[in-house]
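Enquirer: In this note's numbering, the protein residues as written are 10 to 570.
I'd like to ask you about the structure that follows.
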């Protein structure tokens with residue numbers, strides 16, 4: 010109470026003042042509701058009293074369940090009623106300390122309910138009538154991606170494609186200017202579909218259940234892992250439709266059969282361990298896309314769950330937080346077993362699932378999450394392999410070669426762009442993209458009329474503000490990828506890479522070891538480790554001897570500078 014009333018600097022008479030305030034409150038309220046003292050705290054009996062905040066929480070949860078069950082009409086009615094309880098500004102006559110604690114949590118809950126309502130209305134095809142409300146919500150929350158995505162979809166379905174594209178560019182500019190971020194992969198895929206004039210495969214995001222009691226909110230929770238249900242079995246209702254496939258990254262039948270055979274071999278050799286598929290490689294190569302494709306196609310009658318193991322600053326998320334989020338989206342209890350680890354193990358002991366764990370940093374993160382039913386499958390993505398090698402199948406992603414890059418772009422753009430892709434200007438563009446699908450996809454979103462001349466095409470796509478690398482309106486994607494590449498390096502790896510970036514390429518092991526003061530063998534082993542991550546590659550020195558070269562992207566962006 011003292012924190013709510015006075016913050017971190019309560020007066021010396023704080024306890025006496027609280028006692029006086031409670032006495033006055035009892036006199037105003039009468040016998041109901043009762044306020045009882047319990048030790049150093051007070052308890053308010055709300056059993057026979059109506060609170061608008063408690064009613065809002067109940068309606069929000071009911072609407073979430075209806076939406077998850079596909080009862081869109083009921084969900085629309087319930088969630089509209091929940092938001093109807095919000096009238097004007099809230100917490101206007103309380104202390105600043107109380108407002109600072111409660112308002113962020115209440116605003117977050119209100120926006121979650123607004124997302125759920127938008128999902129229900131768009132699902133019912135009532136996009137035109139909901140546009141004014143969506144536009145107001147986006148004006149009030151310009152960097153809120155789910156609401157902006159819903160606005161883009163509603164505008165597109167209303168025949169206002171140009172305005173839908175403008176909504177994307179406003180979101181992109183807001184995220185970059187205010188937060189230094191790019192739009193999420195889902196929003197970028199929606200944008201690509203709009204540019205190509207296609208009906209977007211994107212659907213409204215999974216609604217977030219109201220997990221706290223909004224009638225007595227506490228301080229805002231720490232950012233949670235991004236955990237969602239990917240694809241439940243047909244008999245289980247899910248709050249999230251399966252993400253749409255990403256062009257150019259499909260897992261075909263023979264690949265899936267070969268992967269399933271390798272996993273079956275692991276099950277036979279280690280029947281008590283859950284098999285894992287480890288997808289490794291540098292950023293931008295489609296590790297997550299492939300992992301989701303595996304989860305989508307895997308022959309298992311059970312839910313699919315996607316969880317991120319790193320936050321936006323690439324810091325590892327503790328396993329217990331990931332467990333909490335996984336149990337929450339599976340609607341399993343988290344507080345009845347004595348510890349979150351035990352709840353996690355008991356909930357998944359007899360329930361096979363497919364887990365996709367994105368951006369794993371080390372084995373300490375992953376190992377506790379593998380204590381589940383051995384009939385499950387866990388797909389882990391990361392720069393390095395962090396899963397047990399004896400029970401893992403590894404898929405290492407590498408950059409595309411020129412022919413693969415052309416084929417990838419052709420699948421994204423369609424056959425009418427074949428002549429452009431085979432032209433001279435595109436040869437330069439493909440070289441700049443260095444076989445990284447994320448950069449190729451970013452280029453594809455900016456391709457104009459296929460009849461544009463090679464010179465105009467090059468000028469249209471490339472901005473010389475970043476040494477000819479930052480594509481117009483891509484949002485600094487090369488810089489982002491380069492920073493992600495070095496984010497998880499060890500201090501020794503960063504030292505070696507920093508020195509290598511200062512040497513003329515290609516360079517020899519001898520030249521590098523002389524600057525570092527290391528032995529040749531240690532230098533070679535370290536280079537091979539960076540080669541595994543896609544940061545350096547083998548080349549020929551000027552004298553024709555074996556050498557090494559730092560990746561084009563790192564040399565251009567200099568993320569260690």
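Beta carbons: idealized from backbone N, C-alpha and C, even for Gly.
(1) Give me the DSSP bridge partner(s) of residue 548.
(2) Mind checking residue 44: buried by the 16 CB within 10 Å criterion, or exposed?
(3) So, under 8 Å CB-CB, residue 272 and residue 386 are touching, yes? Tell me the CB distance rounded to an integer number of Å.
(4) Using the three-state DSSP reduction, which class does residue 436 fall into: helix, strand or coil?
(5) Does the distance from the C-beta atom of residue 389 to that of residue 298 stay below 8 Å?
(6) Residue ranges of each beta strand (DSSP E) run of no fewer than 3 residues wholly in the region 342-429, ordered along the chain?
(7) By the three-class DSSP mapping on this structure, what secondary structure does residue 334 have?
(8) Does the distance from the C-beta atom of residue 383 to that of residue 308 stay below 8 Å?
(9) To the nearest whole angstrom, what separates the beta carbons of residue 444 and residue 408, a pair I think is in contact under 8 Å?
(10) Leaving out five residues on either side along the sequence, give the residues of the same chain with a beta carbon under 8 Å from the beta carbon of residue 519.
(11) Distance, Cα to Cα, residue 501 vs residue 510?
(12) I want to know whether the region 153-162 touches the region 197-206 - three or more CB-CB distances under 8 Å.
(13) Looking only at its own chain, which residues have a Cβ that is under 6 Å from the Cβ of residue 406, when we skip the five neighbours before and after it?
(14) Going by the beta-carbon positions, is the gap between residue 538 and residue 549 smaller than 8 Å?
(15) Return the chain-ordered list of same chain residues with a C-beta closer than 8 Å to the C-beta of residue 346, the five sequence neighbours on each side being excluded.
(16) Out of curiosity, what's the CA-to-CA distance linking residue 318 and residue 358?
(17) How many angstroms separate the CA atom of residue 453 from the CA atom of residue 108?
(18) Please list the terminal residues of the continuous alpha helix (DSSP H) segment that includes residue 518.
(19) Less than 8 Å between the C-beta atoms of residue 311 and residue 342, yes or no?
(20) Secondary structure at residue 282, three-state DSSP: helix, strand or coil?
(21) Hey, residue 84 and residue 23: beta-carbon distance below 8 Å or not?
(22) Helix, strand or coil: how does DSSP classify residue 636 here?
(23) Measuring CB to CB, does residue 372 end up less than 8 Å from residue 395?
(24) What did DSSP end up calling residue 313 once you bin it into helix, strand or coil?
(25) Take residue 152 as the anchor and find which of 87, 183, 429 has the nearest alpha-carbon.
(26) Tell me whether residue 605 sits in a helix, a strand or coil according to DSSP, three-state version.
(27) In the DSSP assignment, find the unbroken alpha helix (DSSP H) run with residue 156 in it and report its ends.
(28) With burial defined as no fewer than 16 other Cβ atoms inside 10 Å of the residue's Cβ, what is the status of residue 534: buried or exposed?
(29) Helix or strand or just coil, what does DSSP make of residue 170?
(30) Pick out whichever of 62, 88, 426 has its Cα sitting closest to the Cα of residue 69.
(31) Could you tell me which residues DSSP pairs with residue 53 in its beta bridges?
(32) Which residues does DSSP list as the beta-bridge partners of residue 66?
(33) Does DSSP put residue 287 in a helix, a strand or coil?
(34) Beta carbon of residue 181, beta carbon of residue 155: below 8 Å?
(35) Terminal residues of the continuous alpha helix (DSSP H) containing residue 538?
Expert: According to the data block:
(1) Under DSSP, residue 548 takes part in a beta bridge, and its partners are 556.
(2) Result: exposed.
(3) 7 Å
(4) The DSSP-derived three-state label of residue 436 is helix.
(5) no
(6) List check, beta strand (DSSP E) in window: 363-367, 386-391, 401-405.
(7) helix
(8) Taking the C-beta atoms as reference points, residue 308 is found no nearer than 8 Å to residue 383.
(9) 3 Å
(10) Shown here for residue 519: same chain residues with a beta carbon closer than 8 Å to its own, the five before and five after excluded, namely 529 in chain order.
(11) One C-alpha to the other measures close to 14 Å.
(12) yes
(13) 290, 294, 296
(14) no
(15) 352, 355
(16) 22 Å
(17) For residue 453 and residue 108, the distance between alpha carbons rounds to 46 Å.
(18) 518-525
(19) Cβ atoms of residue 311 and residue 342: not closer than 8 Å.
(20) coil
(21) Between residue 84 and residue 23, the gap from beta carbon to beta carbon reaches 8 Å or more.
(22) What is shown of the chain runs 10 to 570, which leaves residue 636 out entirely.
(23) yes
(24) Looking at residue 313 - three-state DSSP - the assignment turns out to be strand.
(25) When each option's Cα is compared against that of residue 152, the closest is 183.
(26) With the chain running from 10 to 570 in the structure shown, residue 605 is simply not present.
(27) Taken as a continuous stretch (DSSP letters only), the alpha helix (DSSP H) holding residue 156 covers 154-166.
(28) exposed
(29) Three-state DSSP puts residue 170 in a helix.
(30) For residue 69, the closest alpha carbon among the candidates 62, 88, 426 is that of 88.
(31) 44
(32) For residue 66, DSSP records no beta bridge to any residue.
(33) strand
(34) no
(35) 529-541
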